[in-house]
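A.B. asks:
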Amino acid sequence: MKMVKSFAQKFYRGLLFIVLLAVLMLCTILLITFLADPSRMIETIKATFGIT
Numbered sequence: 001m002k003m004v005k006s007f008a009q010k011f012y013r014g015l016l017f018i019v020l021l022a023v024l025m026l027c028t029i030l031l032i033t034f035l036a037d038p039s040r041m042i043e044t045i046k047a048t049f050g051i052t
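Its first residue numbered 1, the sequence shown is counted upward by one per residue in the working numbering.
Set out below in structure tokens:
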């Protein structure tokens with residue numbers, strides 16, 4: 001039973017790490033896109049969420 005607990009804990013920790021990396025990658029891509037063309041990025045966000 002101890003081995004199963006250890007495996008579950010390692011699996012959970014690894015999964016959290018992968019999710020963290022995915023979020024950081026998404027934020028980095030959005031930041032680079034914004035820095036490349038700020039006005040178009042703002043227009044895209046407004047069009048996506050229906051902001052006038």
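Glycine residues also receive a C-beta, built at the ideal position from the N, C-alpha and C atoms.
Quantities reported herein were computed from a predicted structural model and do not represent experimental measurements.
In whole angstroms, what is the alpha-carbon distance linking P38 and A8?
C.D. replies: Your numbering for residue 38 matches position 38 in the sequence shown. Your numbering for residue 8 matches position 8 in the sequence shown. Going from the Cα of P38 to the Cα of A8 covers about 43 angstroms.
A.B. asks: If you check the beta carbons only, do M41 and T48 fall under 8 angstroms apart?
C.D. replies: As a first step, residue 41 must be located in the sequence shown, where it is residue number 41. As a first step, residue 48 must be located in the sequence shown, where it is residue number 48. Going by C-beta atoms, M41 is not nearer than 8 angstroms to T48.
A.B. asks: Starting from I51, follow the alpha helix (DSSP H) in both directions and report where the run begins and ends.
C.D. replies: Locating residue 51 in the sequence shown gives position 51, where the first residue counts as 1. Here I51 belongs to no alpha helix (DSSP H), and DSSP marks it neither H nor E.
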